[in-house]
Amino acid sequence: MTETLTEILIVFIKIVCALVWFLLLTLYLTWLERKESALIQDRLGANRAPIFGIRIIGLFQPFADAIKMIFKEDFVPSFSRKFLHTLAPFISFFFVAITIAAIPFGDILRIGNRTINLQILDFNVGLLFILAMLSLGIYGIIISGWSSNNRYTLTGGLRGAAQVISYEVALGLSLIGLIMVYPSLRLSSIVVYQGELLFGFLPKWGIFLQPLGFVIFLFAALAETKRVPFDLPEGESEIIGFFTEYSGLKWGLFMMTDFMEIIIISTLLTTLFFGGWQVPWLASDGFHFPWGGELLLPHVVIVLFQVAAFNIKVFFFCWLQILIRWTYPRFRYDQVMDLGWKLLVPLSLVNIIGTGIIMTI
Amino acid sequence: MIKIFIDKDPVEVEEGTTVLKAAERAGIHIPHLCYHPAFPPEGSCRMCLVEIEGFPKLELACSTVVKKDMKISTKSERVVEARKAVLEFLLAEHPLDCPICDKAGDCKLQDYYDEYGLFESQFKEVKEKREKKLKIGKTLILDQERCILCTRCVRFLREVTETQELGVFHRGVHSSVNIYDGATVVNNYAGNLAEICPVGAITDEDFRFKTRSWFLEKRESICPLCSRGCNILIEYHPGFARFEVPKKVYRIKARENPEVNGFWICDRGRYGYSYLEEGRADQIILNKIDGENVLTWENISEYLGEKIKRLYSAKKATGIALILHTWLSNEELFLVHKIFKEDLKVEKIFFADPPQIEADGYLLTSDPSPNIRGALEIGFDIKTVDLDALADGTDFLLAFGPFLSGLFSLGDLKEALDKIKGKVLFSYYSNELNSLFDIVIPVALIAEKAGSLTNVDGIVQSFQPALEPPGESLPEWKVLADLGKKLGIDSKFFEKFTSPDAILGEMGKKITFFQEKE
Amino acid sequence: MIKALGYFIEIIRGILITARHFVVNLFFHILKVLGIKTKRKGAVTIQYPEQKKEIVSRHRSLHRLMTRPDGKPRCVACMLCVTVCPSECIYVEAAEDPDPEIQKYPAKFIIDLGRCCFCGFCVEACPEDAIRMDTGNVHFAQYSQQDLIYDLDKLIG
Ligand code: SF4
Ligand code: SF4
Ligand code: SF4
Ligand code: SF4
Ligand code: FES
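Here's what the structure looks like:
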C-alpha cells in the first residue's frame, strides 16, 4: 500500500518538476529571444521591468509580459464561434505540453534501493507518441482559423495545416533510418544505445550515424515549429495568420505553444542525434577515456552530470533555433512546399535506402 | 458669315462680332478682365491683347470687330509677352491680399497670373495706400487697393439697375472707385456686384470670411422665391465630419440664362437661402393615427390610398379636401390634378401660397412662388383657402406646404381644422402648424429634387437635385405616383412614372401647353 | 543543383554572420559587466528615456502659432493649411478684425494632433509664416484623444 503511494508520489513529483522546467524554460525563451535578437542586431534588448529598482538585464521581463497578457482584455469577436474559439488555443497548448512526458531527462537515479527513472513515462513507443502529439496540435490551428470566422484567419489556418502535414512526412521518414540503427522506439533505449562507442573513441551519437537524417529532421522540425523562415501560417508582419482574432491570454497560449515547440524540438534533437543525457565516455561508474585512464565518480554526481549535459544540449538547440529565426527571411509558399515534397521527402527516402545498404554490408 | 483665322485655324463667324467672342465660339479663351458679355466693351484692362496680321500694334480682342480673312494669333510670343507686361502693371499697385481675400480661388487676376504671369516683381516702391474697408452698400465692402478699375461695377449700376451709385473718382494713378457723397448702393441687385467684380475688390459681408471658395461644391438649381425662376448656382460646404461641422449652404450665385435672368439674380434670391436649411422637418411626425402605428415612406401611399378609397366609396368626393401650393413642380401638380380632379372629382381644391410681394419691375415678380403659371396651364383655377368652405362636410384633408400659417392665425386654423377628422400635411419645415395635423410628412425642396417649373413667361425649366434632402424627406411626386397606382382607378396610367421626365413626357401628350417644352 | 549549392553556402554564411554578431557583442558586454575596460565596446543603441537624441533644427515637432508683436496671432485664417493638410486635421474659423490692415483673424484654430502625420505641409503652405513646427517638443503623448486636440490657446501658449 505505502509502496504504491510512494510510487504515485514519485510520479507526481516527476510531473511537477518536468512541467516547472518546461514552463520556466518557455518563459525564459521569450527573454532569450529578445536578448539574442538584440545582440544579433547590435542592440541591447529588453533591459527594463525593474523590481524595486533592480533591473538585472531585463530578467523580470517575462513576468511583466505574463502579467500584461493575463490582464489584457480577452476579446472574443462577436462573429466567431465562441466555444471553438476558446477551445482552440487550449488544444494547441495541451498537445505540446503533454509531449514532455516521454522525454528522458537522465538515466536512472538510485536512492537507497529505490530506482527512479528520470522520465515521466517510459513508453515503448515514446518517439511515435511525441510525433503523434505534435501533429495533433495542428487541430488547434485549424480550429482557431475556422472559428474566428474571418477569411484571413481561415486561410492562415489552412496554410498552417498544409505545411505541418507536408513536413510531418519528411519528419517521420527522416527518423526511420535512425530507428533502423537503434532498433527501438523507446526513447530511453535510444539514448542508452548512443552511449556505445564507434571505432573505440567516437560516441555512437545519431549525428555521426545519421548525418543526413539529422539535416532533414532539423529542417522538417523547423517547419513544424511554424517560425521564421517557415512562418507562413502566422506571418505576423505582413500576411495575416490564424490567430489574428485572438488577444490576451489566449493569444499568449499560442505564443507559448510556439516556444514550447522549440523546446520539444530541441529535446528531440538532443535525444535522437546528440546522445540525450549521455556525456562522452561517461559510464555508470565514471569516465573511461579512450586513451586509457579512468575517473570514477559517485552515482549522484554522475546523474547530475547527465542532467546537466541534457540541459546544455537543449539550451544550445534552443539558441540555434532562435539564431535561425533571426537570420533568414521567410520562404515563399511554393518554395516551402517544394522544399518539403521535392527535396526533403526524396532525401529521406535516399537516407533510408542508404542506411539499409550500409547496414547489410 | 465670314471666314477668319484664329491661330491659323479657319473659323466661320457672323459679321460684326468681336474677336473675343469669335475666339470664344472657336473654343479659344482670350484672357480678359473688364469685358463682360452683358455690357459693351470698355477696353480698360488691356488684358485681351491679340496680334492681328496687318496691324502694327497689338489690338484689344474685346472691342475689335472681325473683318473678312482676318488672321489673328492669340498665342504668339508678342501676345504672351504683352499679357505678362499687362499683368505686371495691374499687380504693381495690387496688395496681394489673397490669403484674406474672399475672391481667391475664383479670382481672374490670380488665375491669369498663374497662367501667364509668374514674373518676379520689379517694383521697389511702396504701394499706394487706399481705403481697404469701405462700406458701399448694405452688405458690400469695397477694397480700393484690390480694385483694378475695370469699371464693371460702375457699368452694371449704370446699365442694368440704372441707379449709378458708384463712379470712378480722380485721375491717373489716383483714380479709384467710390460712392457719391452720402449715398450707398441700395437696389435689389446690389449683390451682383460682388459676383461680377473680376477681383476681390467688392466683397459681400454675407459671405465674407466665412469659408474659402475652393471648399464649396457648386450645384445648379432654380430659385423658387418668385415666379421668374432665375437660374442659380447653390454653393455649399460638404462639412468637416472630423470636427462635427455639418453641411452648409454658403451662397447663391446667378447662373447665366439669357431667356430668363440674363446674368443676374435679385438680392431676395441671393440672400434668402436660409429657407434651404433653417427649421427643416426631417422626420415623419405622427400626432394621431388609427390602426397602424408605424408609418414610413414605403407604406405612406398605401395608408393614404386605403383611407381615400374608404371615404370615396362611402361619400364620393365630397368628404375630401385638398390644399395645394405652387412650390410644387409641374409634374407633382399634374399628378394631383389627374388623381384628385379627374379621377376622384374632388371639388374642394384650394391653394395656400406665401402672400404677394412687391415686384421691382426687373426680375423680381410679385408672386413669391415659382410655379403659378404651371398650375394654371395644368388646369387648376387658383382659389385661395377659404376656411369655412374647407371645413364644411370634410372628413379628410390632404394639405401640401407650410404656407397656411402665413395666411391665417393659428387659432383660426385650429378652429377650422378641428372639424376635420383626418388631416395629413406634406411640409418642408417643422413649425407649430404641424401640431394641427395627424400626420406630417417631410418633403424635399425644389433644390433637393428633380422636376420642372413653368415661369411667369411660360418657360418650362427642368431642374435636377442640387442638395441632399434632410433626414427622411423625399420628393412628393414619388408618393403621388405611388398613390395613383394604389388607388386603383387608373393604375395603368401611373405605372410608367418612375421619374419626373417620364411624367413630363406624358404631360406633353395630354396638355398642348407642355407639348414641345419637355 | 550547383545553383542550389550556392544558396546553401550563402545560407551558412548568413548564419555565421549573425552568430558572429551575437558572440562578439555578448563577449564585450560580459567584459563590461565584469568591469574590464576594453578598447572595443559591444554595440549599443541610444537608451531612450535616459538618453535623448539631439533634435536637429529642421525636425518637425509640435506645432505652434506665431504671434504679432502685440500678441495677436499672426495667422490670417486663410485656411491654406486646412486645404493642404492631407490628414484633414486642421479646422479654422475666421472672424473679422476691426483693424482694416489685419481684417481677418482666426476665431478658432484647432489641430487634431491625433490625426496629424507631421508632414509639415501646413508650415510650407502658410503665406504668413504663422504656423511652425519648431518647438522641439516631441513628448506630448496623452491618455485621451480629446487631449490631443489643440486649440488656439494651446497652440500659441
Ligand atoms: S483680388 Fe485676386 S489677386 Fe487680389 S488679393 Fe484677391 S484673390 Fe488675390
Ligand atoms: S470694384 Fe471690381 S468691378 Fe468695380 S472697378 Fe474695381 S475691380 Fe472692377
Ligand atoms: S503637419 Fe501635416 S498632417 Fe499635421 S497639421 Fe500640418 S499639414 Fe496637417
Ligand atoms: S496657412 Fe497660416 S495664415 Fe493661413 S490659416 Fe493656416 S496658419 Fe493661418
Ligand atoms: S477685356 Fe479687353 S480691355 Fe479689358
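Residue numbers (my numbering), protein chains in the order written: chain S, 334 to 694; chain X, 138 to 655; chain A, 325 to 481.
Quick reminder that beta carbons are idealized off the backbone N, C-alpha and C, glycines included.
These figures come from a predicted structure and were not determined experimentally.
With a threshold of 7 Å, the Cβ atom of X:Ala536 does not count as near ligand 4, since no heavy atom of the ligand is closer than that. S:Trp364 and S:Ala351 do not touch by the CB rule: their CB atoms are close to 21 Å apart, not below 8 Å. Scanning chain A for C-beta atoms nearer than 9 Å to the C-beta of X:Lys385 yields nothing, as the closest lies near 12 Å away. A:Arg439 and A:Ala431 have their C-alpha atoms roughly 22 Å apart.
X:Gln598 carries a strand assignment under DSSP once its states are collapsed to helix, strand and coil.
Taken through DSSP and simplified to helix, strand or coil, A:Ala343 comes out as helix. The beta carbon of X:Thr298 is closer than 6 Å to those of Asn324 and Tyr326 in its chain, skipping five residues each way along the sequence. Chain order is used for the residues whose beta-carbon lies nearer than 5 Å to a heavy atom of ligand 1, namely X:Asp234, X:Cys235, X:Cys238, X:Lys240, X:Ala241, X:Cys244, X:Leu246, X:Gln247, X:Arg283, X:Val336 and X:Gly337.
With 16 or more other CB atoms across the displayed protein chains lying within 10 angstroms of its CB, X:Thr531 is buried. Three or more pairs of CB atoms, one per stretch, sit closer than 8 Å, so the region 497-515 of chain S contacts the region 546-559 of chain S. Any Cβ of chain A closer than 8 Å to the Cβ of X:Lys622 would place that residue at the interface, and such an atom is absent. Straight through space, the alpha carbons of X:Arg345 and X:Ile494 are spaced by roughly 29 Å.
Under the criterion of beta carbons closer than 8 Å, X:Gly559 and X:Asp575 qualify as touching, at roughly 6 Å. In the DSSP annotation of this structure, the continuous segment of the beta strand (DSSP E) that includes X:Ser313 starts and ends at Ser313 to Ile316. In this structure, the beta-carbon distance from X:Leu157 to X:Cys185 falls below 8 Å. Proximity of X:Ile237 to chain A, defined by a Cβ-Cβ separation below 8 Å, is satisfied. DSSP places X:Ile648 outside both helix and strand once states are collapsed to three, so it counts as coil.
Using a Cβ distance threshold of 8 Å, A:Leu479 and A:His383 do not count as a contacting pair.
Inclusion of X:Ala160 and X:Ile143 in the CB contact set at 8 Å is warranted, their separation being smaller than that value.
Contact between X:His474 and X:Phe537 is ruled out by a C-beta separation of about 13 Å, above the 8 Å threshold. Each residue's CA atom was taken as its position, placing A:Glu420 and A:Tyr429 some 6 Å apart. Relative to the Cα of X:Ser438, the nearest Cα in the group X:Lys615, X:Arg295 and X:Lys478 belongs to X:Lys615. In chain X, no part has a C-beta under 9 Å from the C-beta of A:Pro430; the shortest such distance is about 10 Å. If you compare the alpha carbons of X:Gly328, X:Val216 and X:Pro177 with that of X:Glu188, the shortest gap goes to X:Val216. Taking CB atoms only, S:Ile373 has a neighbour in chain A less than 8 Å away.
Listed by position along chain S, the residues whose Cβ is nearer than 9 Å to that of A:Ile333 form an empty set, because the closest Cβ is around 14 Å away. Taking a cut-off of 8 Å for Cβ pairs, the region 281-298 of chain X and the region 165-185 of chain X touch, as three or more such pairs fall below it. Its chain contains Gly366 and Ala367 as the residues whose beta carbon lies nearer than 7 Å to that of A:Asn349, once the 5 sequence neighbours on both sides are disregarded; these appear in chain order. Taking 7 Å as the upper bound on Cβ-Cβ separation, chain S lies near residues Gly338, Ile339, Thr342, Ala343, His345, Phe346, Asn349 and Leu350 of the region 336-350 of chain A. Shown here for S:Leu511: same chain residues with a beta carbon closer than 7 Å to its own, the five before and five after excluded, namely Gly539, Gln543, Gly546 and Leu605 in chain order. When C-alpha distances from S:Phe649 are compared across S:Gly528, S:Ser425, S:Leu602 and S:Ser522, the shortest belongs to S:Leu602. The closest heavy atom of ligand 2 lies less than 7 Å from the beta carbon of X:Thr288.
Taking 3 residues as the shortest admissible run, the region 300-385 of chain X contains the following complete beta strand (DSSP E) segments, listed from N- to C-terminal end: 303-306, 313-316, 339-341, 354-359 and 368-374.
Take S:Ser580, set aside five residues on each side of it, and the residues of its chain with a beta-carbon closer than 7 Å to its own are Lys405, Glu406, Asp407 and Phe408, in chain order.
When secondary structure is reduced to three states using DSSP, X:Tyr499 falls in the coil class, being assigned neither helix nor strand.
Relative to ligand 5, X:His231 has its C-beta separated by 7 Å or more from all heavy atoms.
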